[in-house]
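Worksheet: one structure, shown below.
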Amino acid sequence: AQSVTQLGSHVSVSEGALVLLRCNYSSSVPPYLFWYVQYPNQGLQLLLKYTSAATLVKGINGFEAEFKKSETSFHLTKPSAHMSDAAEYFCAVSRYGNNRLAFGKGNQVVVIP
Amino acid sequence: DVKVTQSSRYLVKRTGEKVFLECVQDMDHENMFWYRQDPGLGLRLIYFSYDVKMKEKGDIPEGYSVSREKKERFSLILESASTNQTSMYLCASSSGRETDTQYFGPGTRLTVL
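Residue numbers (our numbering), protein chains in the order written: chain A, 4 to 116; chain B, 5 to 117.
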C-alpha cells in the first residue's frame, strides 16, 4: 500500500537558512505526490504536487521539491527561511487511483530569528 | 476560489451525545473527505464520498458515520461521542481525478467531556 514517511516531527531553522523537509514514499505504482502546509488555526493548503510531468516541481512561497525515483524521495526545500514559513508541513501520496491520499505525520517548522 | 466551510470552529460535547459535523463546498466537486488530525499522527482518513449517497470507509471509520444527500454537503456523525474522539476534524473536497488538489476547510476542534 502506498505510504509516506516524514522524519523529525519538529524542525528548527534560522531565518535566512535553508529549509529542508524530507519525504520518502512507498508505492508499487508510479506515485502522485503532494506537499501541503497548515498555518496556525487554518486548514491545509497545497504547496506543490508531482504528477509525473517534471521531476523538479516549483510551488508557492518559494518552495520546491524534486522527485527522485531511485531514492523514492520527494524532499521539500526553500533556499532562505522567512518567519512566515513557521507552519506544519505534510507530505502525501495518492493511492487507490481515486484521489485518496495517505499523509505523513507532518513536520512542525519553527523559524528562529 | 474554492471554498470549503465547516459548521463550527470549536465544539464541546458530553460523552454519549450524538454529534453532527457539517461541511459544505461550493465548487461542484465529486469527492469529499473527512479526516481526523491528532498531534504526531498526521491526518487520518475517516470516510470518503465520491458521489451523492456514495461513501467508502477510510482508515479509521469505527465510531463514525457519514451522510451525503446533496453534492455540496458532507456530514460526519458521531453516534455516541466518546472522550477518545476529542480531536481536530478536517473536511476536504476535490474533483474526481487522481492528481487533483484537495481543498480543505478550516477545521472543527471537538472536545468531548
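Idealized CB from N, CA, C, for every residue including glycine.
Under the DSSP assignment, LYS71 of chain A falls in the beta strand (DSSP E) whose first and last residues are 67-71. In this structure, THR75 of chain A sits away from SER31 of chain A, with a CB-CB distance that is not shorter than 8 Å. Interface annotation, TYR93 of chain B: not in contact with chain A, CB-CB separation never under 8 Å. For THR115 of chain B, the pairing in a beta bridge is given by DSSP as B:VAL16.
Taking 3 residues as the shortest admissible run, the region 85-110 of chain B contains the following complete beta strand (DSSP E) segments, listed from N- to C-terminal end: 91-98. Using a Cβ-Cβ cut-off of 7 Å, GLY109 of chain A is close to GLY46 of chain B, given in chain order. With respect to ILE81 of chain B, TYR93 of chain B sits apart: the two C-beta atoms are not nearer than 8 Å. A Cβ-Cβ separation of about 5 Å places GLN29 of chain B in contact with VAL8 of chain B under the 8 Å criterion. CA-to-CA, the gap between VAL40 of chain A and PHE93 of chain A works out to about 6 Å. Residue pairing by DSSP places ARG40 of chain B opposite B:ARG48, B:TYR93 in a beta bridge. Burial state of ASP104 of chain B is buried, judged by a 10 Å Cβ sphere holding 16 or more other Cβ atoms. Between SER84 of chain B and PRO82 of chain A, the alpha-carbon positions lie close to 49 Å from each other. Interface criterion not met: the Cβ of ASN64 of chain A is under 8 Å from no Cβ in chain B.
Proximity to SER86 of chain B across B:GLN41, B:SER12, B:LYS17 peaks at B:LYS17, based on C-alpha coordinates. Of all residues in the region 12-43 of chain A, only SER12, TYR35 come within less than 7 Å of chain B when Cβ atoms are compared, listed by chain position.
Closest in C-alpha terms to GLY11 of chain A, from the list B:SER99, B:GLY46, B:LEU15, B:TYR51, comes B:GLY46.
Partner residues in the beta bridge of GLN10 of chain B, as assigned by DSSP, are B:CYS27. Taking a Cβ-Cβ cut-off of 9 Å, ARG72 of chain B has no neighbours in chain A, whose nearest Cβ is about 15 Å from it. Assignment of beta-bridge partners to GLU18 of chain A by DSSP yields no partner.
Just measuring C-alpha positions, the residue of A:LEU36, A:GLY65, A:VAL22, A:VAL16 sitting nearest GLN106 of chain B is A:LEU36.
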